[in-house]
Ligand code: HEM
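Residue numbers (the working numbering): 266 to 715.
Put into structure tokens, the structure is as follows:
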């Protein structure tokens, strides 16, 4: 893999992210937040941000720190700031969540925790943006996957700035008609920028590269991929205009928002077509589990985007069920599926890279046991589908039961990650050649290996 050096803190980002996914699903199984509480209730805001920032964003940042150098074929700029960024993001998330708890009145905490958390998150994501943008700028002209990532980073900037404004307004620290208008009409823009722009567009960019790499397909920039990028860029531009419309009280925001959703559907269909093309052009005949599990995630993306374009689906329980399918079918499904391969790959690189060519070593596939994990992914996706339907039907009790099953499947998939880190599946003869340093579970080795 060109540019395959190890990003020292990526595994720590992944570990923190997995912990947050468990917390988020645990909260839902325990009946915390929507659907037991209202969509806009502070409890739901806790849940949303534990999953959106704690799980999905930490996962994405960890993956980008590792894969942006692969996308652009150059080393990361400012990688030393990855650790302070992680610390700021975790502290920021804890304070933001505590601020939401303060808002709910369940515990007597100061509301100023909201902007404090928001500020730490702006600083943490700011560092991440600085590292990644500097790395991209140094590598211009950018290949197509990296241009998707650049768009995703613009959406991240929009998400965090809107989020920070909300924390100022909700805590009472900031006041004024602009902030009031943003809180009244900007929440769906913030959510769309975060879930659709930052998390999805970036995931799509990285997946173009990962899919061709893992399937040994030719790396060709197809016209449809360029069209998908243009449709995405246009949709994002419309969303930025929507923010201006909200800020200055102009009309037309609803129409622009609907047009952005339609462009997103076009982009998603083009992306789906590209993925099929990559699959058909592959040289590796037997697609591995991470690829097959990613296909289900991409199907969930297409279904969710298709349905969100139906106006009747965008009301109340309907939109919540679609967001659930989007977050757990598409983003989390893709995240877990790719982690399954990435954790094994990074562990292999860390453990066997230094002795490659000097001793017999296992293949990356030898670090995982696909037959067991295949069943776990089926259970996971089955539970996500059932939970989505339960939300559509407004069946709160059933929702909790299937989320519990989803949590159990997630924990079992994570156990597979730990087994890969511990080299448990590697044949005993290859597990401990003399030169090997066993990888830490999630902290970097004290010496970095290049
Ligand atoms: C990074 C990805 C993020 C995503 C995907 C995301 C998503 C969301 C969603 C879906 C909501 C609406 C929830 C509901 O109505 O139940 C929301 C609200 C909110 N978000 Fe975020 N968010 C993100 C980051 C942030 C950040 C970094 C901050 C703070 C700096 C923040 C602060 C807020 C606040 C204060 C609200 C409440 C707004 C209100 O109800 O008036 N978010 N977010």
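Even glycine gets a Cβ: it sits at the ideal position worked out from N, Cα and C.
When every heavy atom of the ligand HEM is checked, does at least one fall within less than 7 Å of the C-beta of residue 356?
Judged by the Cβ position, residue 356 fails to qualify as a neighbour of the ligand HEM at the 7 Å threshold, every heavy atom of the ligand being at least this far.
Coil, strand or helix - residue 285 by DSSP:
Residue 285 falls in the helix class under three-state DSSP.
Residue 610: beta carbon under 7 Å from a heavy atom of the ligand HEM?
Not so, every heavy atom of the ligand HEM lies at least 7 Å from the Cβ.
DSSP state of residue 380 mapped onto helix, strand, coil:
DSSP places residue 380 in helix when its eight states are reduced to three.
In its own chain, which residues sit with a C-beta less than 7 Å from the C-beta of residue 377, not counting the 5 before and 5 after it?
Exclusion of the five residues before and after residue 377 leaves 436 and 438 as the residues of its chain whose Cβ lies within less than 7 Å of its Cβ.
Express the C-alpha separation of residue 607 and residue 704 in angstroms, rounding to a whole number.
One C-alpha to the other measures close to 14 Å.
So within the region 331-411, which uninterrupted alpha helix (DSSP H) runs reach at least 4 residues, ignoring any that extend past its ends?
Runs found: 347-369 and 378-402.
For residue 671 and residue 289, I'd like the C-alpha separation in whole angstroms.
One C-alpha to the other measures close to 11 Å.
Considering only C-alpha positions, which residue in the set 596, 360, 479 and 374 is nearest to residue 380?
That would be 360, whose Cα lies nearest to the Cα of residue 380.
As assigned by DSSP and simplified to three states, the class of residue 271:
Looking at residue 271 - three-state DSSP - the assignment turns out to be coil, as it is neither helix nor strand.
Residues in the same chain with beta-carbon distance under 8 Å from residue 713, minus the five sequence neighbours each way, listed in chain order, please.
Only weak support exists for where residue 713 lies, its pLDDT of 44 falling under 50; the value from the coordinates is given anyway. Here the set comprises 271 and 273.
Among 391, 299, 322 and 397, which one has its Cα closest to the Cα of residue 282?
In this structure, 322 is the residue among 391, 299, 322 and 397 with its C-alpha nearest to the C-alpha of residue 282.
Taking a contact to mean a Cβ-Cβ separation below 8 Å, would you say residue 276 touches residue 709 in this structure?
A distance below 8 Å separates the beta carbons of residue 276 and residue 709.
Nearest candidate by alpha-carbon position, reference residue 318, set 665, 390 and 502:
Nearest C-alpha to residue 318 among 665, 390 and 502: 390.
Residue 490 and residue 539 closer than 8 Å at C-beta:
The answer is yes: Cβ separation under 8 Å.
Helix or strand or just coil, what does DSSP make of residue 481?
DSSP, read as helix, strand or coil, puts residue 481 in coil.
For residue 491, is the beta carbon positioned less than 7 Å from some heavy atom of the ligand HEM?
No, the ligand HEM has no heavy atom inside 7 Å of this Cβ.
Answer yes or no: do residue 397 and residue 329 have a C-beta to C-beta separation smaller than 8 Å?
Residue 397 is a Cβ neighbour of residue 329, given a cutoff of 8 Å.
Figure out for me which residue from 644, 628 and 669 has the closest Cα to the Cα of residue 696.
Ranked by how close their Cα comes to the Cα of residue 696, the residues 644, 628 and 669 have 628 in first place.
Leaving aside the five residues before and after residue 631 along the sequence, list all residues of the same chain whose C-beta is less than 8 Å from its C-beta, in chain order.
Annotation for residue 631: 690, 691, 692 and 695 place their beta carbon closer than 8 Å to its own, counting only its chain and skipping 5 residues before and after.
Pair within 8 Å by beta-carbon distance, residue 669 and residue 300
Taking 8 Å as the cut-off, the beta carbon of residue 669 is found no closer than this to the beta carbon of residue 300.
Could you tell me the alpha carbon to alpha carbon distance between residue 596 and residue 440, rounded to whole angstroms?
One C-alpha to the other measures close to 35 Å.
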